[in-house]
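Q: Anchor point for the sequence shown: position 115 equals 115 in UniProt numbering, and the numbering is continuous, going up by one each time.
Glycine is no exception: its CB is placed at the ideal position from the N, C-alpha and C atoms.
Here the structure is a predicted model, which means the values were calculated and not measured.
Let me begin by handing over the structure; questions about it come next.
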Amino acid sequence: MTPERGGRRPRDDTYRAKALADPRVRSWWQSQRLGSHITADVNLRQLWAFLIEAKLDPHQLVALAKDEPEKLQEIIVEYADQLVNRGRLASYIAKTFVGVKSWLRFNGVEFHRFPKLKVLQGQSLSKERTPTPAELHRLLGVLDPRGRMIALLMAHAGLRPGVLGSMDGTDGLTLGDLPELTLKGEPAFKRIPFLIVVAGTHSKNRLDYVTFGTQELAEAVLAYLADRQSRGEKLTPASPLVNLSAFASANYNHARVKSDFITTTVITRGLRNAIAKVLPKGVEWRPYVLRAYCSTQLWAAGNHGKIDRDAREAILGHDLGVSGRYNLSKRLHPEMVEELRAAYARCEGYLSTVPTRDDAQGA
1 MTPERGGRRP RDDTYRAKAL ADPRVRSWWQ SQRLGSHITA DVNLRQLWAF LIEAKLDPHQ
61 LVALAKDEPE KLQEIIVEYA DQLVNRGRLA SYIAKTFVGV KSWLRFNGVE FHRFPKLKVL
121 QGQSLSKERT PTPAELHRLL GVLDPRGRMI ALLMAHAGLR PGVLGSMDGT DGLTLGDLPE
181 LTLKGEPAFK RIPFLIVVAG THSKNRLDYV TFGTQELAEA VLAYLADRQS RGEKLTPASP
241 LVNLSAFASA NYNHARVKSD FITTTVITRG LRNAIAKVLP KGVEWRPYVL RAYCSTQLWA
301 AGNHGKIDRD AREAILGHDL GVSGRYNLSK RLHPEMVEEL RAAYARCEGY LSTVPTRDDA
361 QGA
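Quick look at the structure:
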């Protein structure tokens, strides 16, 4: 099947069904999903974007790579030149070729005639810095209850958007992943900082880990759950922590399997819209800067002796292996979980955008 002409980046609700209608393309996509759903979807989008520009179908691309490599090289160079003229960075252009390379390798073709690009590390982030607590507070002020909770889950617990809702909207954190949250009557937390359990199926490195939430995050979670209850929702441990309610229409366009979980795309889109309202002049922020805020503030706390490197990395879901105190490849002993909780509690004043109990006590 030939992609539609038009030279525009394919959107999730238009190109995927057409691409996957081809049995060979679907087999390639499914083989990648065995390793990572995200990688499979990104590579499919990259491949289809190139095919649209090149006016080729997937099988014509393979045939050119085999029989007329010089001609395909010319097409690829022209494609890269078009992206440069649109202001795309070399790092972006290089990534667009990953899906093309993967598709060719799947079909037994090793093609090495891609243009050499001068990729400058960090160029796309040159105007990005982490927000200050005051700037984060302003961002929280323009978000609805769900958005505030999402932002704080990233900024205080260090969660990635994909942990809260998968790319295809079929999975994500549930209320049961907050084991210290009680749902009988009015929701409440038994302890603060409260525990968040991230299963390996949700984490980037496929390892289970734990992180925690501040008092400010706890209040945001409870406010959001109260809002859901007021709308008649019955909350159970299996309920998504972030449900799709407010963005149901947009979410369903991106989700291949209809469920109550929100998609990663919808999460990041909502954050981008809010960020645009409070963005300081001369600064660029992506939604992921909220997780960077957590990392930066924990690092600052570490400089003041509040938390050590091993604990900080474990809370962010980074595995230090057998050399680290908290080896995520094995289930953490309850005593180690409490060590992490105590370390995290000492950092609350660095993470929070409002005065904490320690602040009030002059700690």
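Would you kindly work out how many angstroms separate the C-alpha atoms of Ile93 and Phe50, rounded to a whole number?
A: Going by the C-alpha atoms only, they are around 11 Å apart.
Q: At which residues does the beta strand (DSSP E) containing Ile196 begin and terminate?
A: Element bounds for Ile196: 194 to 198.
Q: For the putative contact between Leu164 and Leu178, defined by C-beta atoms under 8 Å, what is the C-beta separation to the nearest angstrom?
A: With 8 Å as the limit, Leu164 and Leu178 do not qualify as a contact, their Cβ atoms being about 12 Å apart.
Q: May I ask you to report which of helix, strand or coil DSSP gives Asn303?
A: DSSP places Asn303 in helix when its eight states are reduced to three.
Q: One question on the structure: do Val84 and Pro115 come within less than 8 Å of each other, judged by their Cβ atoms?
A: In this structure, Pro115 does not lie closer than 8 Å to Val84 by Cβ.
Q: At which residues does the beta strand (DSSP E) containing Gly213 begin and terminate?
A: Residues 209 to 213.
Q: Thinking just about the alpha-carbon of each residue, which of Tyr79, Glu348, Val337, Val109 is nearest to the one in Ile52?
A: Ranking Tyr79, Glu348, Val337, Val109 by Cα distance to Ile52 puts Tyr79 first.
Q: Which stretch, first to last residue, makes up the alpha helix (DSSP H) that contains Glu78?
A: Run containing Glu78: 69 to 85, per the alpha helix (DSSP H) assignment.
Q: Is Leu241 helix, strand or coil by DSSP?
A: Here Leu241 sits in coil by DSSP.
Q: Cα separation between Thr96 and Ala199?
A: Computed Cα separation, rounded: 30 Å.
Q: Would you kindly check if the distance between the Cβ of His37 and the Cβ of Ser166 is under 8 Å?
A: Yes; because the gap between Cβ atoms is below 8 Å, this pair is in contact.
Q: Around the C-beta of Thr353, are 16 or more other C-beta atoms found within 10 angstroms, so that it is buried, or is it exposed?
A: By the 10 Å Cβ count, Thr353 comes out buried.
Q: Measure the CB-CB distance between Ile315 and Phe212 and report whether it falls below 8 Å.
A: Yes, the pair counts as a contact, with Cβ atoms nearer than the cut-off.
Q: Mark Ala17 as exposed unless 16 or more other C-beta atoms lie within 10 angstroms of its C-beta, in which case mark it buried.
A: Exposed is the call here.
Q: Mind the definition here: the region 340 to 353 touches the region 213 to 223 only if three or more C-beta pairs lie below 8 Å; say whether that holds.
A: The region 340 to 353 is in contact with the region 213 to 223.
Q: Can you tell which of Lys277, Trp48, Leu72 has its C-alpha closest to the C-alpha of Glu135?
A: Among Lys277, Trp48, Leu72, the Cα nearest to that of Glu135 is on Lys277.
Q: Consult DSSP for Leu61 and reduce its assignment to one of helix, strand or coil.
A: Helix, per DSSP.
Q: Drop a sphere of 10 angstroms on the beta-carbon of Asn205, count the other beta-carbons inside from all chains shown, and report buried for 16 or more, exposed for fewer.
A: Label assigned to Asn205: exposed.
Q: Can you tell me whether Arg148 is buried or exposed, with buried defined as 16 or more other CB within 10 angstroms of its CB?
A: Answer is buried; the Cβ neighbour count reaches 16.
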